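Input: a single structure, listed below in structure tokens.
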Amino acid sequence: MEDRLTKIKKIMLDAVPAVCSERARIVTRVYREKECLPIIEKRAESLAAVLREMSLYIEDGQLFVGNQASTPRAAPVYPEYAFDFILKEMDAFDKRESDRFVVTEENKRILREILPWWQGRTLKDRAMAIQPKEVLDDAKTGVLGWSGNITSGEGHYIPDYETVVRTGIPGMLDRINGLYEKLDLAVPEDLRKASFYRAGRIVLAGVIDYIRRFERLAAEEAEKCRDPGRKAELLAISGRCRALSERAPKTFAEALQCVWFIQVILHIETNGHSISMGRLDQYILPFYTRDIESGALTQEEAVELTGCFFLKVYGNNKLRSWSGSRTQLGMPTYQNICLGGQTPNGEDASNPFSYVCLEALGRNRLPEPNVYVRLYENTPEEFLRAAVKVVMLGFGIPAFVNDQVIIPSLLRVGVSKEDAFNYSTMGCTEVQVPGKWGYRANGKSKVNLLRILELVMDGGADKKTGRTVIAGIRPIEQCESFEEVYGAYQKALRYYMHLHVMADNINEHAMCELVPDALCSLLMQDCLERGLHIKEGGTVYDYISGVMVGIPNVGNGLYALQDIVFDKKLVTPAELRSALDANFEGKEGEYVQSLLLNAADKYGNDMDGVDFLTRDSSDIYTKEINNYRTMRKGLGPIGCCYTSSTVTITANISCGAAVGATPDGRKAGEPAADGVSPSRNTLKNGPTALLKSVSKLSNELFAGGQLLNIRINPKNVANESGEKRFVQYLRGFSELKCWHSQYNLISTETLRDAQRHPENYDDLVVRVAGYSARFTSLNNELQEDIIRRTEFEL
């Protein structure tokens, strides 16, 4: 087994990420040929054509089939969203400092030929044309980040895989055919459903043809194969494909193959990432148990099959613009799987297949899939120890989320008790109810809180453009009290809260009109019954959250203003202004920075004053954002409101780069804190104090997800007693009702050596943000950000 998984892993690691033009070419042709069709049917015809015409392959030794593009780790092109960055950056894709892609001269020729046709027809074109001036002006100011939402697909959902494996793909087609045949097109409500149902039929027919193509390919390769063992494997693959084109899966291997076919096709349908597989150990368990009990499967075979499945997941890739890549370096696709936790009736959900998943994960040690373990007060010790053993391998997976805060968080926003207990992680650290949630539990806009604080310090003016953004605010050197500054911050944050919802809803309007997706909508309750795709309001729940970047920095900065400037008067507002303008350079600047850094308490050290101010300043957003409504309000789903998130991915670096020196003592251009993780070099009281500080935040209000990075010296947990301490620390994390935690257990010495000798560390994987990535694939700036995180002793 190790030989097989190692061999396939080497194929994947050796594969050079490339740009594949096949999808773009086929979709462009179909859009031109079918221009008169309703948009959802046109997109369905495009996807079906891609599935019937794209190149197929089977990796040597792999036991599952299904590919997103023409070669392993290649990324398709999705011109219907945006194409300008491709033409602009294409010759530099292979020269990037990170996330490099090669493009053959033939693919460049094809793309340059077909992409100009999309001018004026893309999602980006539409959204930019209808966004108001104040939203477009902020692109120069740099508070909001919403452009990623109109240059790629939505993603950020968990399909109803439980229904997929229970009914099978032909069963799904039978159901939609039955619904369509019952329509009376003289009835307006039925007529509105007809286009969605036709699109669903088109897509599912294409999916079945895609599966049958692999049935034939595997049989053809078996015919040519001279290795009897591999020949039998290829024939088995062909047989599984034939079965899945005709019926629901019956065996463990068929169930995993069925899930993979849907997963990879969803990535072909849309350029969105964070398409997650939910509670894999729950809906695959019946197949595993049946095959184990019948003797058709051994545990070792199950681990090997699961390892092969995980390797297929790693094969998906996504092409981003360089500006988009800088917010999420390492080519993440955030394909999330969640293990353990509780059943909908509150019983322990860990099971024998949960352990199989952990073992396969540890053998592969790759960034994808992104795996989480749900913790609660009665998580079995054996299961928690098994998860910790995998984390101690040092690749940042699995991470942990806490039922004791997430379930109440979901109940608070109106999710039913049964569904709340059945939540799963999605993408980075977000959560959803599988198969019942619309797009994006998080990530619509990124709100740069540090930039807002900088605008407040500058009297509401954007010094870069000379534009007054928020009137009625005095610059810091004229302020007479902390209350005045804090009031100005609240005013500015509320302005940008309103602006980011405006931008998001306008983008949503454009997406609904131009890029509805039939397949993913078929996999969400109750889209079929309502005859509505996701954007029209077909799902059970609809919640969206923006991401707050820099909560710890703002908390520290506001506390320093209160404590150092206005209460103790160690620095005057004018002296602070002078030091900020000088970026803390010179004797006076260094003195002021030293006071800001050392004389005021910092979030993360269990100091009530700064911790509570950090909480209060973030609560301005978390408590008021629920008053805003999504575009599905009144169309059927429960919720239809905005919530909060701190899932910054690597936007903390780009957000920090856009901000000058700030009153927390941070110099211009330095990264902001990631998620609710403390700022650089501010932790003094150890890892338990860190959890206590995080526990003081209004964690239940962050229904969109939270992010806490923790770095631990691997030598400190390398023995039995260290492992026990780690387990107890996780118990404490759960009891303190922190939302999320993830761990890097790689020494500074190893990371520095990997910087010097990257050729020796091709498979070194680190936890970046809500995802892991190969360390040597990251640029130096992000590598340094990871290395400079505080390394704890447990």
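First residue of the sequence shown? That's 72 in the working numbering, and the numbers climb one at a time after it.
By construction, the Cβ of each residue, glycine as well, lies at the ideal position given by its N, Cα and C atoms.
Source: prediction; values computed, not measured.
Buried or exposed by the 16-neighbour rule on C-beta atoms within 10 Å, applied to residue i
{"i": "A140", "result": "buried"}
{"i": "I201", "result": "exposed"}
{"i": "T462", "result": "With the sequence shown as reference, residue 462 is identified as Val, and Thr is not the correct amino acid for it. Classification of V462: buried, given that the 10 Å Cβ count is 16 or more."}
{"i": "Q799", "result": "exposed"}
{"i": "G411", "result": "buried"}
{"i": "D362", "result": "buried"}
{"i": "A631", "result": "buried"}
{"i": "V730", "result": "buried"}
{"i": "G216", "result": "buried"}
{"i": "D196", "result": "buried"}
{"i": "L779", "result": "buried"}
{"i": "K389", "result": "buried"}
{"i": "T717", "result": "buried"}
{"i": "A367", "result": "exposed"}
Inter-residue Cα distance where the pair is residue i and residue j
{"i": "D834", "j": "G191", "result": "42 Å"}
{"i": "E304", "j": "S689", "result": "55 Å"}
{"i": "K507", "j": "Y228", "result": "9 Å"}
{"i": "K86", "j": "V484", "result": "Looking at the sequence shown, residue 86 is not Lys but Ala. Their backbone Cα atoms lie some 44 Å apart in a straight line."}
{"i": "A728", "j": "E852", "result": "11 Å"}
{"i": "Q101", "j": "L108", "result": "The sequence given here places Val at residue 101; Gln does not occur at that position. In a straight line, the C-alpha of V101 is about 11 Å away from that of L108."}
{"i": "S421", "j": "A265", "result": "42 Å"}
{"i": "E340", "j": "K113", "result": "12 Å"}
{"i": "A326", "j": "F164", "result": "37 Å"}
{"i": "A532", "j": "D735", "result": "20 Å"}
{"i": "Q41", "j": "P505", "result": "This structure gives no information on residue 41, because the portion of the chain shown stretches from 72 to 865."}
{"i": "P749", "j": "Y674", "result": "6 Å"}
{"i": "G602", "j": "D261", "result": "8 Å"}
{"i": "T369", "j": "A431", "result": "14 Å"}
{"i": "L356", "j": "F424", "result": "6 Å"}
{"i": "P143", "j": "L84", "result": "10 Å"}
{"i": "R183", "j": "E93", "result": "13 Å"}
{"i": "V902", "j": "T610", "result": "What is shown of the chain runs 72 to 865, which leaves residue 902 out entirely."}
{"i": "E525", "j": "L76", "result": "50 Å"}
{"i": "M161", "j": "L651", "result": "39 Å"}
{"i": "M595", "j": "F267", "result": "13 Å"}
{"i": "R802", "j": "D672", "result": "27 Å"}
{"i": "T819", "j": "G793", "result": "19 Å"}
{"i": "A840", "j": "P230", "result": "24 Å"}
{"i": "F868", "j": "R269", "result": "Residue numbering for the chain in the displayed model covers 72 to 865; residue 868 lies beyond these limits and cannot be assessed."}
{"i": "R859", "j": "K755", "result": "14 Å"}
{"i": "K253", "j": "R263", "result": "13 Å"}
Short Cβ contact (8 Å threshold) for residue i with residue j
{"i": "F466", "j": "S843", "result": "yes"}
{"i": "R700", "j": "G608", "result": "no"}
{"i": "G628", "j": "A744", "result": "no"}
{"i": "L865", "j": "F773", "result": "no"}
{"i": "V486", "j": "Y612", "result": "yes"}
{"i": "V214", "j": "R522", "result": "yes"}
{"i": "L194", "j": "L585", "result": "yes"}
{"i": "G417", "j": "F492", "result": "yes"}
{"i": "R686", "j": "L768", "result": "yes"}
Cβ separation of residue i and residue j, assumed to be a contact under 8 Å, to the nearest whole Å
{"i": "L127", "j": "V278", "result": "About 14 Å; that fails the 8 Å criterion."}
{"i": "N342", "j": "S223", "result": "4 Å"}
{"i": "V618", "j": "L520", "result": "With a Cβ gap of about 10 Å, V618 and L520 do not count as contacting."}
{"i": "V444", "j": "V374", "result": "About 18 Å separates the two Cβ atoms, so there is no contact after all."}
{"i": "N178", "j": "V90", "result": "6 Å"}
{"i": "V384", "j": "P440", "result": "5 Å"}
{"i": "R434", "j": "G378", "result": "6 Å"}
{"i": "S516", "j": "H571", "result": "4 Å"}
{"i": "I696", "j": "S715", "result": "6 Å"}
Close Cβ partners of residue i (< 7 Å) along its chain, the five nearest in sequence each way excluded
{"i": "E364", "result": "none"}
{"i": "E548", "result": "P644, A645 and R648"}
{"i": "K738", "result": "N654, F655 and A732"}
{"i": "I817", "result": "G465, P785 and V837"}
Same chain, Cβ closer than 8 Å to residue i, neighbours up to 5 away in sequence not counted
{"i": "L593", "result": "M243, I247, G271, V274, L275 and L599"}
{"i": "S824", "result": "According to the sequence as given, residue 824 is Asp; it is not Ser. Closer than 8 Å at the Cβ level, and outside the excluded window around D824, lie N831 and Y832."}
{"i": "L306", "result": "A289, A290 and A293"}
Own chain, CB closer than 6 Å to residue i, minus 5 neighbours either side, in chain order
{"i": "L446", "result": "F471, N473 and S805"}
{"i": "K211", "result": "T536"}
{"i": "G137", "result": "W331, F332 and V335"}
{"i": "R350", "result": "C409 and S495"}
{"i": "G219", "result": "G395"}
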